[in-house]
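Data block below; observations after.
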Amino acid sequence: MRQAGRYMPEYRALRERHSLLTLCRTPELAVEVTLQPVNALGVDAAILFSDILLPLDPLGIPFDFQAGEGPVIERPIRSRSDIDRLRAFEPREELAKPLEAIRLLRRTLEVPLIGFAGAPFTLASYAIEGGHSSHFALTKRLMYENPAAWHALASLLASVVGEYLGAQIEAGAQAVQLFDSWVGALDEADYREFVLPHTAAIFDRLRGVDAPTIHFGTGTGHLLAVQREAGGDVIGVDWRTPLDVGWSRIGRAAVQGNLDPAALFAPRERLLARVDDVLRQAGGRPGHIFNLGHGILPGTPVENVRAVVEHVHRRTAVPSMRPQ
Ligand code: CP3
57 MRQAGRYMPE YRALRERHSL LTLCRTPELA VEVTLQPVNA LGVDAAILFS
107 DILLPLDPLG IPFDFQAGEG PVIERPIRSR SDIDRLRAFE PREELAKPLE
157 AIRLLRRTLE VPLIGFAGAP FTLASYAIEG GHSSHFALTK RLMYENPAAW
207 HALASLLASV VGEYLGAQIE AGAQAVQLFD SWVGALDEAD YREFVLPHTA
257 AIFDRLRGVD APTIHFGTGT GHLLAVQREA GGDVIGVDWR TPLDVGWSRI
307 GRAAVQGNLD PAALFAPRER LLARVDDVLR QAGGRPGHIF NLGHGILPGT
357 PVENVRAVVE HVHRRTAVPS MRPQ
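First residue of the sequence shown? That's 57 in the numbering used here, and the numbers climb one at a time after it.
In structure tokens, the structure reads:
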């Protein structure tokens with residue numbers, strides 16, 4: 057996640073000439089940014105350059121990214137009538153640009169391509185709060201005061217996102233990741249009542265597709281088991297929960313994680329020791345995907361990211377498969 061981004065000079069150079077949304081909505085540029093980290097870092101898979109918020113606009117929730125503020129929703133969704141005005145759409149038409157980027161990428165990429173989308177809770181929280189939030193008070197207020205309106209919004213998001221992920225796989229994505237980045241703000245009872253049915257509907261829609269699914273959240277140490285119930289072949293463990301503790305809560309599934317992205321600022325020795333900790337907790341079990349426990353931070357030294365990739369390859373490679 058967030059392989060590309062502001063820590064890379066080649067990305068910043070493109071961002072001087074184009075807005076984030078222009079990069080996402082111009083297939084040739086999205087392809088270029090997707091390839092930047094693959095070429096610079098030697099990672100084993102590429103993640104499509106796009107953003108989880110793109111489906112909001114065709115739903116009827118216009119937004120923009122503002123410097124220093126992150127996403128800003130023009131007219132936040134706060135009432136039943138706001139929700140009734142939203143419309144489902146065909147992602148193959150309204151999100152044709154990122155789907156085209158996927159098709160173009162598959163012609164040149166030599167590593168697998170991961171597509172992605174935002175989960176209903178995380179998308180709804182942006183739509184309701186109007187941008188980033190610390191406490192999700194407005195989102196929870198809508199859930200508690202008007203559960204029927206919440207469920208209408210979440211099920212609309214689930215149907216659009218499920219269809220969009222299906223379309224990404226048709227276009228050539230070889231795995232898809234569902235980001236429920238902020239769902240850790242809920243306790244398990246609220247997760248079961250307000251989130252589980254909708255997130256499960258997305259994974260049900262994807263049952264039988266020819267691509268593994270990854271289910272990711274942050275601050276979800278207390279929710280890992282119920283997230284596994286909702287679905288996903290792979291469950292993401294963020295950096296706050298030790299990987300082995302998280303894995304025992306998840307049970308039988310693959311796991312992805314979970315180096316603290318801030319560890320990339322540490323001196324080399326400490327950084328690689330932290331990588332070794334993660335690998336030790338995985339214990340060589342099949343089904344571990346080494347990754348950061350959340351997105352890479354602006355200002356991260358690129359050479360440290362490269363050192364981590366090389367170190368993980370050295371420690372985990374099957375020698376005959378990696379002649380270098
Ligand atoms: O290689 C990649 O970077 C993949 C592309 C990618 C982006 N966003 C591009 C982007 C991915 C996978 C995302 C997912 C995304 N977007 C998430 C889920 C992942 C997570 O971090 O939990 C979320 C919550 C969003 C919404 C979003 N987009 C926010 C909150 C922000 C502003 C945050 C900030 O750091 O300022 C964005 C902007 C955004 N999307 C950037 C990038 C590279 C920041 C860089 C820029 O402004 O050019």
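We treat Cβ as the ideally placed atom computed from N, Cα and C, and that holds for glycine.
Secondary structure of Val99 (DSSP, three-state): coil.
With respect to the 7 Å criterion, Leu320 and His367 are not classified as neighbours on the basis of their beta carbons. DSSP places Pro127 within a strand segment (E or B) once states are collapsed to three. Excluding five sequence positions before and after Val282, the CB atoms of its chain that fall closer than 8 Å to its own CB belong to Glu244, Tyr247, Arg248 and Leu252, given in chain order. Taking a cut-off of 8 Å on C-beta distances, the region 306-317 touches the region 287-297, as three or more cross pairs fall below it. Using a Cβ distance threshold of 7 Å, Val361 and Leu97 count as a contacting pair. The alpha-carbon of Val364 is positioned some 12 Å away from that of Thr356.
Between the beta-carbon of Asp294 and that of Gly349 there is about 4 Å, and that keeps the pair under the 8 Å contact cut. By the neighbour-count criterion, in which 16 or more other beta carbons inside 10 Å mark a residue as buried, Tyr200 falls on the exposed side. Ranked by Cα distance from Asp120, the options Tyr182, Ile258 and Arg330 are led by Tyr182. Ala86 has its alpha-carbon roughly 32 Å from the corresponding atom of Leu280. The Cβ atoms of Ala208 and Pro176 lie no closer than 7 Å to each other.
Around Ala101, the same chain offers Val167, Pro168 and Ile170 as residues with beta carbons nearer than 6 Å, after the five sequence neighbours per side are excluded. Contact check for Pro93 against Gln59 passes: the beta carbons are separated by less than 7 Å.
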